[in-house]
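What follows is a set of notes on a single structure, which appears directly below.
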Amino acid sequence: MLVLSCNSSTNNHLPANDSTEPAKKDTPIALAPAQIPKDTTKLGGLWFLQPVLASDTATGKIPRLEFNLATKKFTGNTGCNNMSGSFDFTDTTLQFNQRIVTTKMVCVGYNEKAFLESLLRTNSYKLQSGMLILMFDQTELSRWTRKVAPKPVINKA
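So the number in my numbering is just where the residue sits in the sequence shown, counting from 1, plus 120.
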């Protein structure tokens, strides 16, 4: 009863302008987030791990990284815990700071330590066909895409 009486006082949610006036034509229309093209030619933004092994998605979560190039900070998820930290980069080099902060949930069957060690080994990257490839020297460590990839199919024959 209290909620109903609070909402019914002065907030009548009527439009502030006259509905008989024509809409202004020079006002730009904002694109919905789904309509904004995602740039796959730059490191910045949100990336999702392209799973290779069933263990990559053992917790039901897809690991993700979101790079903010202006602040050189990243956030994401290991596939188990949320994480954040800082990084340095150039056009081809990428190095994560050793002090990655994570939440402390336990995820049985997931080797989070190996995931984090792989990130910390990263010293370079390349963008190829819309994918972010994290590398140690010339060795590929992981592949990331702008869209969530399907879980790997394991034949149980």
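Every residue, glycine too, gets a C-beta built ideally from N, C-alpha and C. Quick caveat: nothing in here was measured; it's all calculated off a predicted structure.
Checklist entry - Excluding five sequence neighbours on each side, which residues of the same chain lie with their C-beta closer than 7 Å to the C-beta of THR223? => result ASN201, ASN202
Next on the checklist: I need the DSSP call for THR242, collapsed to helix, strand or coil.
Outcome noted: coil
Next on the checklist: Need the endpoints of the beta strand (DSSP E) that ASN202 sits in, please.
Outcome noted: 202 to 209
Next on the checklist: I believe PHE235 touches GLY199 by the beta-carbon criterion, under 8 Å. Please report the beta-carbon distance rounded to the nearest angstrom.
Outcome noted: 6 Å
Checklist entry - Do you know how far the Cα of ALA178 is from the Cα of GLY164? => result 27 Å
Item to check | Reduced DSSP secondary structure (H/G/I, E/B, other) of THR223 | outcome: coil
Checklist entry - Just the Cα atoms here: how many angstroms apart are THR265 and LYS192? => result 20 Å
Next on the checklist: What does the Cβ neighbour count give for GLY250, buried or exposed, with the cut at 16 atoms within 10 Å?
Outcome noted: exposed
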